[in-house]
Amino acid sequence: MKKTILWRGWAVVLTVLLLVPVSVFAQGARSVSGTVTDTRNEPLVGVTVHNEASGQYTTTGAAGEYTIRAGADDRLTFTYIGMITQTVQVSGRSVVNIIMSDDTEMLEETIVVGYGTAKKISSVVGASTLVRSDAFTKIPAASAGDALQGKVAGLQVYTSSGEPSASVSMRLRGVNSINASNTPLFILDGTPVDVAIFTALNPNNIENVTVMKDASSTAIYGSRAANGVIYITTKKGAGEKPTVTVSGSYGISNMAQFPMELMNAQEWFEFRELADPSLKQNAQFQELKDFRLKNHIETDWRKWILNENAPTWKADLSVSGRSERSDYYISLGAFDRTGIEPFSDMERYSIRSNVNSKIAEWLKIGINLNLTWQSHHTAGYSTTSTGYYNPMNIVAWGLPYATPYEIITDASGNFVGYGDEPDYITDLGMWNYFRRMEAQPTKRTTARLNGNLYQEITPFKGLTLRAVQAIEGSDYRYTGKVLPNHINLATVTEESFERFYRLTSTNTAEYKFAIARDHHFVLLAGHESIYSNDEYFSTWTNGQTDERLTNVNHGTQANLPSYTFSEVAYNSFFSRLSYDFADKYYLDLTYRIDGSSLFGANRRYASFWSVGAMWNLKKEHFLEGVDWIDNLQLKASYGTMGNSGISNYRAYGLTSSGRLYDGQSSWYISSLSNPNLTWETLEALNAGINGRLWNRLTFNVEFYNKNTKDMLMYIPYSYISGFSGGWGNVGSMRNRGVDVELKLDVVNTKDWYFGLGFNMNYNKNVITELYDGRDEFVDGSSGLKFQVGHAYGEFFLVDFAGVDPANGKSLWRNADGTLTSTYTESNAVFLGKNRFAPWSGGASVDASWKGLSFNATFSGVVGKYMENYDRYFVENPSFADESNMTKRMKNIWTTPGQITDIPKAGEAVRHDSRFIDNASFVRLKNVQLSYTFPKKLMDRSGFIGGAKIYVSGRNLLTFTKYTGWDPEIDAITAMGNYPNTRQMVFGVELTF
Amino acid sequence: MKKIIFSLCALAMMFVSGCNLDLKPTSSISTEEALRSMDDAQKLRRDLYITMRNSLTSGAPVYLMELMSDSFHGSITYGNRNGEYYKWEMRSTFGNVESLWSSAYYLVMLGNFLEEGIPALQAEATASEKAQYDVILGESAFAKAYAMFILTELFCKNYSSSASSDYGVMLSDKTFATPSDQSTYVGRSTLTETYDYIERNLAKAEQLLGSVAGEEGAIYITSDAVKAMQARVALTKGDYSKAASLAASLADNGRYPLLTTQDEFTALWNNDSGKECITQFWASILSTPNTNDYGYIQFTGGLYAPNYIPEKWIVDAYDRNDLRFTTWFRRTQVNLGNFSGTVYLCFKFPGNPELMASTTASTYMHKIKPFRIAEQYLIAAEAYAMSNQPEQACTYLNRLRASRIPGYADRHYTGDELMAQIKMERAKELYGEGFRFKDLKRWNEGFARSEAQDKNLVIDAGSTYTELMSRTASDPFFVWPIPQAEIDSNPQIRSQQNAGY
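From first to last, the protein sequence lines stand for chains G and P. Those letters in the first sequence? Residues 5 to 996, per the numbering used here, in order. Those letters in the second sequence? Residues 83 to 583, per the numbering used here, in order.
Here it is, written out as structure tokens:
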């Protein structure tokens, strides 16, 4: 990291503040003095000492000393944050020494809110939701992200693919940005990490996840906080006795649902004749039909190509404990899953070591280290959406009368039986998928490491200096081959390497103190620098001749390698002031300055701030006697955050190295410059109420209004400039909505528990301003149309209005609402259907009786639409001779007067509204039943400390109207996607 | 004490660590610094060629001209590949339309960038360097004309007496410093202005490239290539005397003799010998052009499964001993799913082995031949015929035929018969090379697809939608739509879309 000296004036102010203890001297008849220490005999600085009789205050000095005037029978009260308040009688003494002990309540429910030390949840001013470890440990998902689905109001999580190595996409409270990132910032044990680290994290290692939603909690993360912050805390050692936990599970995966109804051979032949009556006279066709149907030659291509009951297992071992000065948590995890599409799988091994040690009373150090190694294969062609070899397209398009086997006939042409699977499937006009993939082996491995080391110095009680150094890295390798002497693909071997690393240095100073008895302050100041670097290298050779020697060095012809290098750096300064009065009125102020290499030289730095306030009503006198209210808080916050989620070097006009001409290199102009490129800014307002009533119902309701300004967008240029557009800051967008979280403990006794949880979010998105005073434009990169007053992601297409019963022609709606059989692109309208769901939520049921416990989590979104482009191919008669069709197509228009929504054969199938399907869904995301063996029984073994068995299922039920493979795909268009899977697993957990 | 030292160190950490934020890419250079020397200019100049070769003269801009005419029938397994063009469902949002438009203007921008930057370098250059810079300036002017002419042929009406009020294309002789400023954009010029721009830039190229002598198979633009382009432009514009004299002078200069043997002819097409080529763009396995073969052969699994099959009329048009027929067409058994048959397939682009990674699978790639002498013979013939000099026209027609058809005896035609013969010869000689659609448009004739070689093998046999499609010359789709992206981003052009879109 290159070093530059940077200085900020406010830091001086803070330093001065730290060195001058605040004290107030009391007047009185007689002087009482003493020292206040904690249980480890460390002096406590800034303890409030209050003489109740005289009303005088003082605070302790740097050595914990105090002096106050008091009468012989006066009572002194000692108050300090995080310590139990003590009141003592002076009883004529002139020296009163006090030992204060930790408030144990503090240890129960604390979360970290943006740098600094942990806070009690009840004192957190910002809007956030905590998800505890039990949501992650027993679920049969590869990624912890999947387990967050349906858990947090306003957090939409999608697993868009059933590929075992697939990651999830997340959005918090609507879509904030059009061209920049919408992914939240992930903080792992205090250090920002890439989403890939979170995806690859062993879910068993997670202690809890805090989802921070509003400006008050996220503005301190500044430039990358616009999409919310997901703070992951991994487990720490606890308990005097070392605990060894061993767990394992085994299960199976299948396709989550199979909604697309395809024709069988009989239906397909009949359909062909219906659509094209001339085939009834076509000898070749009739011969084929008779032969196949008579001999029942038919294939369900789904069964042929997809895996059923694909195995999945995981195993974890962890050792944890704490001694007087240190705690440790060490874990080893293994995960293995086979996908439902052939050749797709993933295995992952992870090692984690979290160690904290108090090496001196004032110095604590610790390290969190995580290593994972992952090897995965993806199903070949599964990402080429319209490719013939995409397994899902083979399922959808595979002609039902076709067979992958050789058909054996006798001399007179009669069917005798099936032979082998030939390399080439003549019926489909394509190679056998399995043979083709066997000839093209691939291998992908990724090694990841992320670790952070911290030093925490407490020079005196109240001041915490903390330095964190973090390294995150990944090394990805890909090998792809086309083996020699195989089906007619050119022999090739490719080797690709990608290495990423990120160095983060974070230094903070936090000072907690109180003025008088009830004025509590926490001051935080800090600095963070981030440098990241990504290098990619790939090379390939051709002409390998022997199947046993196919490494990249065995080729006979080499090609120029490709190489990319990119680096990003951030420098940031931040501060926060937290204040509360008597745990009743809270105020939080944050400020951050961020600089990033991503932006133009003119606009590289930006500042972000927030104000948050909370009122704890329950502490007010007027609610003291109201028994049915256990807790009641009002919150509000406002602030700004940034979004820098774009690729680097976007501000430069660039000239790059191009292809060879005449054997010499060329340069091409690749982009135009914008030295004013800067942050996208989000202004967010949040207001909420939360509490607990009748000791049964916990609720939290929050309203928010977020304005995105200066959106980072690809602005379309006239091609006369030589380019389709360039990056700039234009336009505004608003997200407004409400989060509701409810939890009801219906029954809560010693043996019984029954509880219901519910959360939902409604978000309304609207584009409020566009580029150059215009009220609409078409985005060159996505093809979407943006219009002021409409939501981002609303489909804009010509409205298909069915079929004219008289002649079978397609009908579309004109701009004036009348129907026409001529398709005109300019008749496109906003359909009121959005790719982003406005409604989302989740519900859970928890029940337990003694050792038996049950949990079910539902997750769903409503109002999500997606272009089901799979239908374009299987509901299009012009493809019928080379593709299967859905059963719906049997209603194709053939006779005048026929009422149907399938136009006659030969009508062009347009890219219109007909394929926009409602992809709203509700999924039974996770369901678990577990049994914990009674403690007594375990004790009798004298060896096993605890034992638990469970069965767990994922995606067992899906409720949707969507007729494609999977409604959960988070995309504008679904086509040939790898569908989601459902799992059933059985697991055991033993502790020793 | 230790405590205090550690604490001070920790505090100090906050102010001494930080990263340099001025990070520049290593894989690219700032465009402002990209033209500072002869070496730089040469590198950028090569991109003129790469862009002409890959974006304007190979791939979609070539094969779409065939699919949108009467050259091919889609096979039953063509899978709607570019079916929207084949079926004449032209839209302003089509990717191929936009990418051609965008590549043409990229080329103009690059030409302008060189024209703006080179004079300053020339001021300090030696005499020999100055001459080299002049060549690059000549090539820049040529590239601008080349790009604008390709757009004009497709996006504008034919040149006529109303050219001064018909729309041309957007023209520019400068780069854009603040490209987000919409007020600096231009709308469409008139067709007259567009032709002026093309002719002006070609005249500039003619002057600056005067010293670059023509040579068979030249990989750079020569003075002969400028002439060939001028002849092509003049023919399209209807300036027949200019077209005739330029084309005839190239045909007669002796540098590009017509081939007469089957072996030589096959070597030209299968191995890109460069014979008969005024220009043949450079290519190697490390830098390949796009293929002009749009699944015309598609040899997979030991079987032929073409996407597009030549129409019967064109197959029937050749004498069976025509060199072209022998090299370009093969009677082949094709297997399309469960249907099979034997038909002639187009083998004009079988793939140059030099451009294949392996010997087993063809990439169907060839060195691109933007200017062939045969085209100049046809331009001469047509231009003389149109200027009522049938004898001259027949001379060039007969010379071309004599080289192609062994034992050919000269024929003499006049009037409509002469034009019909020239048109058919053009169809035969330039088949698959991206001329057909433009020729049909220029001739104002419309077209009609006709009976397939084998009805079982073509999509929607018998349908007037595909197999038997016909279009009149007045069909608006003969004029391509201005890409929607241009309409959306450029207020000056918003009301200037072509009719029918």
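Using N, Cα and C, we set each Cβ at its ideal position, and we do this for glycine too.
Residues of the region 252-264 of chain P whose Cβ lies closer than 8 Å to any Cβ of chain G, in chain order: 252, 254, 257, 258, 261, 262, 264. Looking at the DSSP output, residue 431 of chain P shares a beta bridge with no other residue. Excluding residues up to 5 positions away in sequence, 132 lie with their Cβ nearer than 8 Å to the Cβ of residue 369 of chain P in the same chain. For residue 293 of chain G, the enclosing alpha helix (DSSP H) covers residues 287-298.
In this model, residue 419 of chain G and residue 419 of chain P are separated by some 19 Å (Cα to Cα). For the alpha helix (DSSP H) assignment, the uninterrupted runs of no fewer than 4 residues enclosed by the region 121-190 of chain P are, from N- to C-terminal side, 142-149, 165-168.
Burial is judged here by how many other beta carbons sit within 10 angstroms of a residue's own beta carbon; residue 570 of chain P has at least 16 and is buried. Residue 724 of chain G belongs to the set of residues whose beta carbon lies under 8 Å from a beta carbon in chain P.
Note on the region 64-107 of chain G: whole beta strand (DSSP E) runs with a minimum of 3 residues are 69-73, 79-83, 90-93, 102-104, in chain order. In the DSSP assignment, residue 447 of chain P falls outside any beta strand (DSSP E), carrying neither H nor E. The residues 143, in chain order, have a CB closer than 6 Å to that of residue 182 of chain P in the same chain once the five nearest residues on each side in sequence are set aside. Burial is judged here by how many other beta carbons sit within 10 angstroms of a residue's own beta carbon; residue 91 of chain P has fewer than 16 and is exposed.
Here residue 880 of chain G has 913 as same chain residues with Cβ atoms under 6 Å from its own Cβ, once five neighbours each way along the sequence are excluded.
Per DSSP, the unbroken alpha helix (DSSP H) holding residue 220 of chain P starts and ends at 209-237.
Between the region 583-596 of chain G and the region 555-564 of chain G, the count of Cβ pairs shorter than 8 Å is below three; the stretches do not touch. Close to residue 829 of chain G, with beta-carbon spacing below 9 Å, are these residues of chain P in chain order: 173, 174, 175, 566, 583. Look at residue 464 of chain P here: in three-state DSSP terms it is helix. Burial check for residue 36 of chain G: the Cβ neighbour count within 10 Å reaches 16 or more, so the residue is buried. Shown in chain order are the members of the region 657-669 of chain G whose Cβ falls below 9 Å from a Cβ of chain P: 657, 658, 659, 660, 661, 662, 663, 664, 665, 666, 667, 668, 669. Nearest C-alpha to residue 269 of chain P among P:583, P:577, P:582: P:577. A Cβ-Cβ separation of about 6 Å places residue 149 of chain G in contact with residue 174 of chain G under the 8 Å criterion. Assignment of residue 264 of chain G by DSSP, reduced to helix, strand and coil, places it in the coil class. Taking 8 Å as the upper bound for CB-CB distance, residue 354 of chain P and residue 449 of chain P are in contact here, some 4 Å apart. Your pair residue 314 of chain G and residue 257 of chain G checks out as a contact, with CB atoms roughly 4 Å apart and the cut at 8 Å. In this structure residue 540 of chain P does not touch residue 396 of chain P by the C-beta definition: roughly 14 Å separates them, more than the 8 Å allowed.
One thing to note: residue 677 of chain G has its Cβ within 8 Å of the Cβ of residue 657 of chain G. Minimum Cα-Cα distance from residue 243 of chain G among the listed residues G:759, G:308, G:326, G:280 corresponds to G:326. Nearest to residue 828 of chain G by C-alpha distance, out of G:44, G:917, G:811, G:410, is G:917.
Interface flag for residue 719 of chain G against chain P is set, since a Cβ pair is found closer than 8 Å. Secondary structure note for residue 838 of chain G: its beta strand (DSSP E) is the uninterrupted segment 833-838. The Cβ atoms of residue 287 of chain P and residue 458 of chain P do not sit closer than 8 Å to each other. Residue 284 of chain P: member of the alpha helix (DSSP H) spanning 273-290, first to last residue. With contacts defined as CB atoms closer than 8 Å, residue 158 of chain G and residue 134 of chain G fail to qualify as a contacting pair.
CA-CA distance, residue 190 of chain P to residue 503 of chain P, rounds to 37 Å. Under the three-state reduction of DSSP, residue 499 of chain G is assigned to strand. In this structure, residue 583 of chain G keeps its C-beta atom at 8 Å or more from the C-beta atom of residue 531 of chain G.
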